[in-house]
Amino acid sequence: MENLIANLSRPRVLGSSLALNVLLIICACVTSATTGYDGNGLNILPSYSEYFSINTATQGLSTSAIYIGSVIAGLTYSPVPDKLGRRAALFWAAAITIIFVILQTCAVNIAMFVVARIMIGYGNAASTIAAPTYVAETLPYKWRGWGLALITDFYYVGGLIAAGITFGTANMDSTWSWRLPSLFQLLFSIICIAILPFMPESPRWLIYQGRNEEALQVLAQTCADGDDQAPIVLAQYKEIFDTIQYEKNAGETLSVKQMFKTPSARRRVMLVISCALGTVIVGNQIASYYFGTMLTNAGVTDTTVQLEINIILNAFCLVCAIAGTAFGEKVGRRINALISTTLLTIFLYLIGILTKLYGDSNNRAGSYGTVACIFLFMGSYSWAWTPLAFLYPPEILNYAIRAMGMGLNTFFMFGFGLLCVFSLPFALERMGWKTYIMNASWNIALIVFIYFFWVETKGKTLEEIDIVFEGVKHSDVPNIQEVEKGKVDIDVLLTHDEME
152 MENLIANLSR PRVLGSSLAL NVLLIICACV TSATTGYDGN GLNILPSYSE
202 YFSINTATQG LSTSAIYIGS VIAGLTYSPV PDKLGRRAAL FWAAAITIIF
252 VILQTCAVNI AMFVVARIMI GYGNAASTIA APTYVAETLP YKWRGWGLAL
302 ITDFYYVGGL IAAGITFGTA NMDSTWSWRL PSLFQLLFSI ICIAILPFMP
352 ESPRWLIYQG RNEEALQVLA QTCADGDDQA PIVLAQYKEI FDTIQYEKNA
402 GETLSVKQMF KTPSARRRVM LVISCALGTV IVGNQIASYY FGTMLTNAGV
452 TDTTVQLEIN IILNAFCLVC AIAGTAFGEK VGRRINALIS TTLLTIFLYL
502 IGILTKLYGD SNNRAGSYGT VACIFLFMGS YSWAWTPLAF LYPPEILNYA
552 IRAMGMGLNT FFMFGFGLLC VFSLPFALER MGWKTYIMNA SWNIALIVFI
602 YFFWVETKGK TLEEIDIVFE GVKHSDVPNI QEVEKGKVDI DVLLTHDEME
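Numbering (our numbering), first residue to last: 152 to 651.
#1: Can you give me the C-alpha to C-alpha distance between Met529 and Lys408, rounded to a whole angstrom?
#2: Is it buried or exposed for Thr320, if we count other Cβ within 10 angstroms and need 16 for buried?
#3: Where do the N-terminal and C-terminal ends of the alpha helix (DSSP H) with Glu614 fall, by residue?
#4: Could you give the distance in angstroms between the alpha-carbon of Ser353 and the alpha-carbon of Met564?
#5: Between which residues of its own chain and Glu607 is the CB-CB distance below 7 Å, once the five residues before and five after are set aside?
#6: Between Ile302 and the rest of its own chain, which residues show a CB-CB distance below 7 Å, the 5 nearest in sequence each way excluded?
#7: Looking at C-alpha atoms only, which residue of Ile631, Thr493, Arg553 is the closest neighbour of Ala596?
#8: Can you look up Arg362 in the DSSP assignment and give me helix, strand or coil?
#9: Answer yes or no: do Thr256 and Leu196 have a C-beta to C-beta separation smaller than 8 Å?
#10: So Trp536 and Gly429 are supposed to be a Cβ contact under 8 Å. How far apart are they, rounded?
#11: Pull up the CB-CB distance for Met350 and Leu175, whole angstroms please, since I reckon it's below 8 Å.
#12: Helix, strand or coil: how does DSSP classify Trp584 here?
#13: Given this structure, state the Cα-to-Cα distance separating Ile280 from Leu254, to the nearest angstrom.
#14: Mind checking which residues open and close the alpha helix (DSSP H) that includes Trp243?
#15: Only counting the same chain, and skipping five residues up and downstream in sequence, which positions put a Cβ closer than 8 Å to that of Ile462?
#16: Hey, quick one: how far does the alpha helix (DSSP H) through Phe392 stretch, first residue to last?
#17: Distance check for Trp605 and Tyr550, CA to CA, integer angstroms please.
#18: With a threshold of 7 Å on Cβ separation, who are the neighbours of Ile600 within its own chain once the five nearest residues in sequence on each side are excluded?
#19: With burial defined as no fewer than 16 other Cβ atoms inside 10 Å of the residue's Cβ, what is the status of Ser328: buried or exposed?
#20: Whose CA, out of Leu499, Glu635, Leu569, Ala474, lies closest to the CA of Trp593?
#21: So Phe251 packs on Ala267, CB below 8 Å; how close in whole Å?
#22: In three-state DSSP terms, what is Met557?
#23: What does the Cβ neighbour count give for Ser656, buried or exposed, with the cut at 16 atoms within 10 Å?
#24: Answer yes or no: do Gly450 and Tyr543 have a C-beta to C-beta separation smaller than 8 Å?
#25: Quick one: grab the DSSP three-state call for Phe203.
#26: In the DSSP assignment, find the alpha helix (DSSP H) that holds Thr284 and state where it starts and stops.
#27: Looking at Ile616 and Glu546, is the spacing between their C-beta atoms short of 8 Å?
#28: Distance check for Thr404 and Ala157, CA to CA, integer angstroms please.
#29: Apart from the five residues just before and just after Gly520, which ones in its own chain have a Cβ nearer than 8 Å to its Cβ?
#30: Work out the CA separation of Cys468 and Thr186 for me, nearest whole Å.
#31: In this structure, does DSSP put Pro629 in helix, strand or coil?
#32: Within this structure, are the beta carbons of Val572 and Gln436 separated by less than 8 Å?
#33: Can you look up Glu635 in the DSSP assignment and give me helix, strand or coil?
#34: Return helix, strand or coil for Val420, following the three-state DSSP convention.
#35: Using 8 Å as the threshold, is the stretch 573-584 in touch with the stretch 370-385, meaning 3 or more CB pairs across them?
#36: Considering only residues of the same chain and omitting the five flanking positions on each side of Ala554, which have a CB-CB separation below 6 Å?
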């Protein structure tokens, strides 16, 4: 453990910017794969249900446990990235997850299982605070969209692996039928911890701490293969330095109060909350944690068939998420969100209608039509909301409130997710198909909000996004895209104060 902590304080950074940036993205993405792995397949396994005598109440409790831990993390973990650094915060989040995955695997009763899941939820959510903040602040702006979007896209990588493992262990005649899938969940956190010693710290965090020379070196490593005199490196350094100095001089503090102190901050927070809600209230919670129930309601009751469909669904969603990420990089975050939300709302209405018509019948065509709409719904969700979940919030938050804002994002995302997950089993049991209609109806309000209030962040550095909210960039450095393309000749001379 001491060696790991020492490596975190003295990173062995790679010399190639390409290799470094790719490895940084992988390091962050595997943390999301843990969450995706958790949400797929376990509730379908008969051995799991029989061992813990799962009923509607205990199913809701065991599933909600992840969200309970996540809500607690949203309230308590935000100061860690600000105080210890983005890398260290990610390390401790992964370490917490590993410890309690082992405890979950060893669970002998439902109480032990639920407690372990609460703490796994804490570790997972802590990663969702640290990883997007770290990636947004460390990757070059042209990599940022893909890097942040892939964090959530990898949710389906974890889900696909979980679906495959649960399919393979479903017929095992022992408790290892569910314990083995549980144990595999720690793999992703181990990969994250193994990569972290080779990663640099966020240059923005370093500048805020007054470690300016280190920050310049990190920018050189991520943007110019280590050349700290490259124009793009010097320009970005000065832009970041000027902006953080402005925030300090304006009295902006790393606190919860700062998120509500100015009109600009309040507007940023409002958009973060809307994004957090959009990721959990549009109907995806039903398909993620209660997919087996949805299939049963649609007339598909065979466990093996359900597991096979689950594998195919996760693969389909992964393809849609990556394709949607590429599309969003071209058309922008706002337009992509509008398209995705409109389509998934239509398909959710269709799921409700088809479930009503064919859920209790033996009409195979009707059942397969319902399953097809479930696929189209999840594909539409994955197209934009999957990449946006941890892409949009860290982009629209300025440095002073970024870590705190990501904590708020996590709190609302998992808080409303908790409400959905705990109530959905009862809603599906008592309301059936009407649950889908009700869920689809409130999506319309979200579409209206996105249309009128969301702003575009594509193609801007984090500091340039200030223009959208405050009408001005707090640095006289030209547009970084123009600098990188060589369209603007600059001669950045860093002063003694800027390097101290």
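Ideal Cβ positions, reconstructed from N, Cα and C, are used throughout, including at glycine.
Treat the numbers as computed from the prediction; the structure is a model and nothing was measured.
In short, the structure shows the following:
#1: Counting from 1 along the sequence shown, the entry for residue 529 is found at position 378. Counting from 1 along the sequence shown, the entry for residue 408 is found at position 257. Answer to the nearest angstrom: the Cα atoms are 37 Å apart.
#2: Reading the sequence shown from its first residue, position 169 is the one you call residue 320. With 16 or more other Cβ atoms within 10 Å, it is buried.
#3: For the purposes of this step, residue 614 is taken as residue 463 along the sequence shown, with counting starting at 1. That residue, Glu614, is in no alpha helix (DSSP H); it is neither H nor E in DSSP.
#4: Within the sequence shown, residue 353 is the residue found at index 202, counting from 1. Within the sequence shown, residue 564 is the residue found at index 413, counting from 1. Distance between the alpha carbons of Ser353 and Met564 is about 25 Å.
#5: Indexing the sequence shown from 1 puts residue 607 at position 456. Hits under 7 Å: Gly483, Arg484, Arg485.
#6: Here residue 302 refers to the residue found at position 151 when the sequence shown is read from its first residue. Cβ within range, chain order: Ala179, Cys180, Ser183, Ala282, Pro283, Val286, Phe541.
#7: Here the question's residue 596 lines up with position 445 in the sequence shown. The option with the nearest alpha carbon to Ala596 is Thr493.
#8: Here residue 362 is taken as the residue at index 211 of the sequence shown, counted from 1. DSSP places Arg362 in coil when its eight states are reduced to three.
#9: Indexing the sequence shown from 1 puts residue 256 at position 105. Indexing the sequence shown from 1 puts residue 196 at position 45. No, these two residues do not count as a Cβ contact at 8 Å.
#10: Along the sequence shown, one-based indexing puts residue 536 at 385. Along the sequence shown, one-based indexing puts residue 429 at 278. Right, the Cβ-Cβ distance comes to about 6 Å (below 8 Å), so this counts as a contact.
#11: Sequence index remark: in the sequence shown, residue 350 carries index 199 (1-based). Sequence index remark: in the sequence shown, residue 175 carries index 24 (1-based). About 6 Å separates the two Cβ atoms, so the contact holds.
#12: As a position in the sequence shown, residue 584 is number 433, starting the count at 1. Here Trp584 sits in coil by DSSP.
#13: The residue labelled residue 280 in the question sits at position 129 within the sequence shown. The residue labelled residue 254 in the question sits at position 103 within the sequence shown. Rounded to the nearest angstrom, the two C-alpha atoms are 23 Å apart.
#14: Within the sequence shown, numbered from 1, the residue matching residue 243 stands at position 92. Trp243 -> alpha helix (DSSP H) spans 237-256.
#15: Mapped onto the sequence shown, residue 462 falls at position 311. Counting only Cβ-Cβ distances below 8 Å, and skipping sequence neighbours, we find Leu311, Ala314, Gly315, Phe318.
#16: Counting from one through the sequence shown, the residue named residue 392 turns up at place 241. It spans 382-400 - the alpha helix (DSSP H) in which Phe392 sits, taken as one unbroken run.
#17: Mapped onto the sequence shown, residue 550 falls at position 399. Mapped onto the sequence shown, residue 605 falls at position 454. C-alpha separation (whole angstroms): 20 Å.
#18: If you number the sequence shown from 1, residue 600 lands on position 449. What sits at residue 600 in the sequence shown is Phe, not Ile. Ser425, listed in sequence order.
#19: Your numbering for residue 328 matches position 177 in the sequence shown. Classification for Ser328: buried.
#20: Position 442 of the sequence shown, counted from the start, is the residue given in the question as residue 593. Nearest C-alpha to Trp593: Leu499.
#21: Reading the sequence shown from its first residue, position 100 is the one you call residue 251. Reading the sequence shown from its first residue, position 116 is the one you call residue 267. Indeed, because the Cβ distance is near 5 Å, the residues count as touching under 8 Å.
#22: For the purposes of this step, residue 557 is taken as the residue at position 406 of the sequence shown. Correct three-state label for Met557: helix.
#23: Here the chain covers residues 152 to 651 and nothing more, so residue 656 does not appear.
#24: Counted from its first residue, the sequence shown places residue 450 at position 299. Counted from its first residue, the sequence shown places residue 543 at position 392. No. Outside cutoff.
#25: Start at 1 with the first residue of the sequence shown, and residue 203 comes out as number 52. Correct three-state label for Phe203: coil.
#26: Along the sequence shown, one-based indexing puts residue 284 at 133. Unbroken alpha helix (DSSP H) run through Thr284: 261-289.
#27: Taking the first residue of the sequence shown as position 1, residue 546 is located at position 395. Taking the first residue of the sequence shown as position 1, residue 616 is located at position 465. A contact, by the Cβ cut-off of 8 Å.
#28: The residue given as residue 157 occupies position 6 in the sequence shown. The residue given as residue 404 occupies position 253 in the sequence shown. Residue confidence for Ala157 is low, a pLDDT of 47 falling below 50, so the modelled location carries little weight and cannot support an answer.
#29: To locate residue 520, count along the sequence shown from 1; it is residue 369. Closer than 8 Å at Cβ, skipping near neighbours: Leu505, Tyr509.
#30: As a working mapping, residue 186 is identified with position 35 in the sequence shown. As a working mapping, residue 468 is identified with position 317 in the sequence shown. Going from the Cα of Thr186 to the Cα of Cys468 covers about 15 Å.
#31: Working through the sequence shown from its first residue, we reach residue 629 at position 478. Here Pro629 sits in coil by DSSP.
#32: Locating residue 572 in the sequence shown gives position 421, counting from the first residue. Locating residue 436 in the sequence shown gives position 285, counting from the first residue. Yes, these two residues count as a Cβ contact at 8 Å.
#33: Counting from one through the sequence shown, the residue named residue 635 turns up at place 484. Note: Glu635 maps to helix in three-state DSSP.
#34: As a first step, residue 420 must be located in the sequence shown, where it is residue number 269. Of the three classes helix, strand and coil, the one that applies to Val420 here is helix, per DSSP.
#35: no
#36: Position 403 of the sequence shown, counting from 1, holds the residue named residue 554. Around Ala554: Ser229, Pro232, Asp233, Thr284.
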